[in-house]
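2 protein chains.
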Amino acid sequence: MAPSTRRADRRQEPLSRERIVGAAVELLDTVGEGGLTFRALSERLATGPGAIYWHVTGKAELLAAATDAVVATIPGGDSDATPQEAIRALALGVFDAIDAHPWVGTQLARTPGQSPMLRIFERIGRHVQALRVPEAAQFTAASALMSYVLGVAGQNAANTRTLQPNTDRTEFLDAVATAWTELDPDQYPFTRNVADQLRNHDDRAEFLAGIDLILTGITAGRQSTG
Amino acid sequence: MAPSTRRADRRQEPLSRERIVGAAVELLDTVGEGGLTFRALSERLATGPGAIYWHVTGKAELLAAATDAVVATIPGGDSDATPQEAIRALALGVFDAIDAHPWVGTQLARTPGQSPMLRIFERIGRHVQALRVPEAAQFTAASALMSYVLGVAGQNAANTRTLQPNTDRTEFLDAVATAWTELDPDQYPFTRNVADQLRNHDDRAEFLAGIDLILTGITAGRQSTG
DNA sequence: ACCTGAACACCGTTCAAGT
DNA sequence: ACCTGAACACCGTTCAAGT
Numbered sequence: 001m002a003p004s005t006r007r008a009d010r011r012q013e014p015l016s017r018e019r020i021v022g023a024a025v026e027l028l029d030t031v032g033e034g035g036l037t038f039r040a041l042s043e044r045l046a047t048g049p050g051a052i053y054w055h056v057t058g059k060a061e062l063l064a065a066a067t068d069a070v071v072a073t074i075p076g077g078d079s080d081a082t083p084q085e086a087i088r089a090l091a092l093g094v095f096d097a098i099d100a101h102p103w104v105g106t107q108l109a110r111t112p113g114q115s116p117m118l119r120i121f122e123r124i125g126r127h128v129q130a131l132r133v134p135e136a137a138q139f140t141a142a143s144a145l146m147s148y149v150l151g152v153a154g155q156n157a158a159n160t161r162t163l164q165p166n167t168d169r170t171e172f173l174d175a176v177a178t179a180w181t182e183l184d185p186d187q188y189p190f191t192r193n194v195a196d197q198l199r200n201h202d203d204r205a206e207f208l209a210g211i212d213l214i215l216t217g218i219t220a221g222r223q224s225t226g
Numbered sequence: 001m002a003p004s005t006r007r008a009d010r011r012q013e014p015l016s017r018e019r020i021v022g023a024a025v026e027l028l029d030t031v032g033e034g035g036l037t038f039r040a041l042s043e044r045l046a047t048g049p050g051a052i053y054w055h056v057t058g059k060a061e062l063l064a065a066a067t068d069a070v071v072a073t074i075p076g077g078d079s080d081a082t083p084q085e086a087i088r089a090l091a092l093g094v095f096d097a098i099d100a101h102p103w104v105g106t107q108l109a110r111t112p113g114q115s116p117m118l119r120i121f122e123r124i125g126r127h128v129q130a131l132r133v134p135e136a137a138q139f140t141a142a143s144a145l146m147s148y149v150l151g152v153a154g155q156n157a158a159n160t161r162t163l164q165p166n167t168d169r170t171e172f173l174d175a176v177a178t179a180w181t182e183l184d185p186d187q188y189p190f191t192r193n194v195a196d197q198l199r200n201h202d203d204r205a206e207f208l209a210g211i212d213l214i215l216t217g218i219t220a221g222r223q224s225t226g
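Residue numbers (this note's numbering), protein chains in the order written: chain A, 1 to 226; chain B, 1 to 226.
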């Protein structure tokens, strides 16, 4: 009841894996991948660096857990939409999650058969099943979608990392388009040619267009059923 | 002519950007991404760490240059094959290059508009043009192919990194398949279901199947021309 | 112009010592 | 059982000093 009690906050909450991972996510979001340091983390948690090792085996596990925490949050497409719409919604969920937490894009590419990727793969796979893709082709279809999503994720993460914190999206695309226009016409004719299409360009729409390309390929190969 | 001349080797060759990048590639291939150290590199080049900074601005540039050196090597598909075959050949070239140098997979994902990626994008794009894809759709088509290739590249690099140096491919896939079979049936029905398809599984064939899916999607959307 | 190598400011991780 | 924080073995990078 004393005013001091009010202010004690969570300062004395016991350390836990949960709190550590939460603080790691915050740190990654705020200061980026280079900012996640055992020293910075322990300072934020008001302990010594060694304390963290009691709850977590090392930095690799910490990054994996942080990634998993974000991926577990991704919504999308479990309603009564068509399989195509469900896949689009899920893919967009991954896209937006990585947009909000660029480090997830980098991290996802680093954890092969691990749980964050498996979560997404499973969800894609169920929708592929719902598309009535023949069983022998389901793995290929789900893998292709997954790889595409990961590829875009990685690129977007890299782009965001390169970006000055203050430049916005269109400004950045404009700079890239200009750079492409100045390329050697003999070496880069195609890239120069599409540079202008880059200028007014919607990342999310472009991403979805790629998904649709793959979906078309998947359903084209499917034997037609009632 | 004296025997000692013979043995002098290249030990006294002056330091150059070229030699540095070459040694970096060797180091990356031999001891992996964690093994590329300015100390290890300078030891291999018989100098001090500071000498390298005279020719290269830092580690980031070094990694980019090493990646570029490998990517510049990728052959493929400039013969008189069909555009589809040319794209498959090029994609396979990237796939094999990353198989031989796993660190390239990681690195490619980190350099967004940089030259190694641009090289590949340009080559894909020309083949997309040859496919007679309408101009407005060319960027989307080339980007989708590029993202897919990068996605697979990243995953493969991650897999190789996780692998014990002595386990071979099929052994690894078997382990993954077994792990997937032991997943919770309620949470991972699809993944469990396709686990067996993983067991006798050809990475390259699967990769190409994904390329074909996208190619089908691209040509399906194309207006038919004589 | 180019190289040397000690020194600086960091890392992740460990571990004896505390409670 | 859990936390502390100094210490260890590394990093990338800089820079005065050499040739």
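Just so you know, even glycine gets a beta-carbon here, dropped at the ideal spot from N, CA and C.
{"Query": "Three-state secondary structure (DSSP) of B:Glu-13", "Result": "coil"}
{"Query": "Nearest candidate by alpha-carbon position, reference B:Arg-17, set B:Thr-219, B:Ile-52, B:Asp-29, B:Glu-135", "Result": "B:Ile-52"}
{"Query": "C-beta atoms of A:Gln-129 and A:Thr-67 nearer than 8 Å", "Result": "no"}
{"Query": "Boundaries (first-last residue) of the alpha helix (DSSP H) holding A:Pro-185", "Result": "Per DSSP, A:Pro-185 belongs to no alpha helix (DSSP H) and is neither H nor E."}
{"Query": "Nearest candidate by alpha-carbon position, reference A:Val-133, set B:Leu-131, B:Val-194, B:Arg-132, B:Asp-186", "Result": "B:Val-194"}
{"Query": "Assumed close pair A:Leu-150, B:Gly-154 - CB separation to whole angstroms, cut-off 8 Å", "Result": "6 Å"}
{"Query": "Residue from A:Asp-184, A:Thr-170, A:Ala-109, A:Gly-34 with nearest C-alpha to A:Ser-147", "Result": "A:Ala-109"}
{"Query": "Euclidean distance between Cα positions of B:Gly-226 and B:Ala-141", "Result": "Residue placement at B:Gly-226 cannot be trusted, given a pLDDT of 39 that sits under 50; what the coordinates show is reported in the next sentence. Computed Cα separation, rounded: 21 Å."}
{"Query": "For A:Tyr-188, the nearest candidate out of B:Met-117, B:Val-176, B:His-55 (CA to CA)", "Result": "B:Met-117"}
{"Query": "Cβ pair count under 8 Å reaching 3, the stretch 57-73 of chain B against the stretch 22-38 of chain B", "Result": "yes"}
{"Query": "Check whether A:Ile-87 and A:Leu-215 have beta carbons under 8 Å apart", "Result": "yes"}
{"Query": "Proximal residues to B:Leu-163 (C-beta, below 8 Å), its chain only, five neighbours per side dropped", "Result": "Phe-172"}
{"Query": "The alpha helix (DSSP H) enclosing A:Asp-99, as first and last residue numbers", "Result": "83-100"}
{"Query": "Neighbour list for A:Phe-121 in chain B, Cβ cutoff strictly below 7 Å", "Result": "Thr-191"}
{"Query": "B:Thr-178, enclosing alpha helix (DSSP H) - first and last residue", "Result": "169-181"}
{"Query": "Proximity of B:Phe-95 and B:Val-152 at Cβ, strictly below 8 Å", "Result": "yes"}
{"Query": "Residue burial classification, B:Val-31 (beta-carbon count within 10 angstroms, cutoff 16)", "Result": "exposed"}
{"Query": "Rounded straight-line distance, which links the Cα of A:Ala-100 to that of A:Leu-41", "Result": "21 Å"}
{"Query": "Reference A:Ser-115, options A:Ala-60, A:Ala-65, A:Arg-169, A:Thr-170, closest by Cα", "Result": "A:Ala-65"}
{"Query": "CB-CB length for B:Gly-76 against B:Ala-89, believed under 8 Å", "Result": "4 Å"}
{"Query": "Residue burial classification, A:Asn-156 (beta-carbon count within 10 angstroms, cutoff 16)", "Result": "buried"}
{"Query": "Any C-beta of chain A under 8 Å from that of B:Ala-46", "Result": "no"}
{"Query": "8 Å Cβ cutoff met for B:Pro-102 and B:Arg-169", "Result": "no"}
{"Query": "Cβ-based burial, A:Ala-205 [other Cβ within 10 Å; buried from 16]", "Result": "exposed"}
{"Query": "C-alpha distance - A:Ala-46 paired with A:Leu-36, whole-angstrom precision", "Result": "15 Å"}
{"Query": "Status (buried if at least 16 other CB within 10 Å, exposed otherwise) for B:Ala-136", "Result": "exposed"}
{"Query": "B:Phe-38 at chain A interface by Cβ criterion, 8 Å", "Result": "no"}
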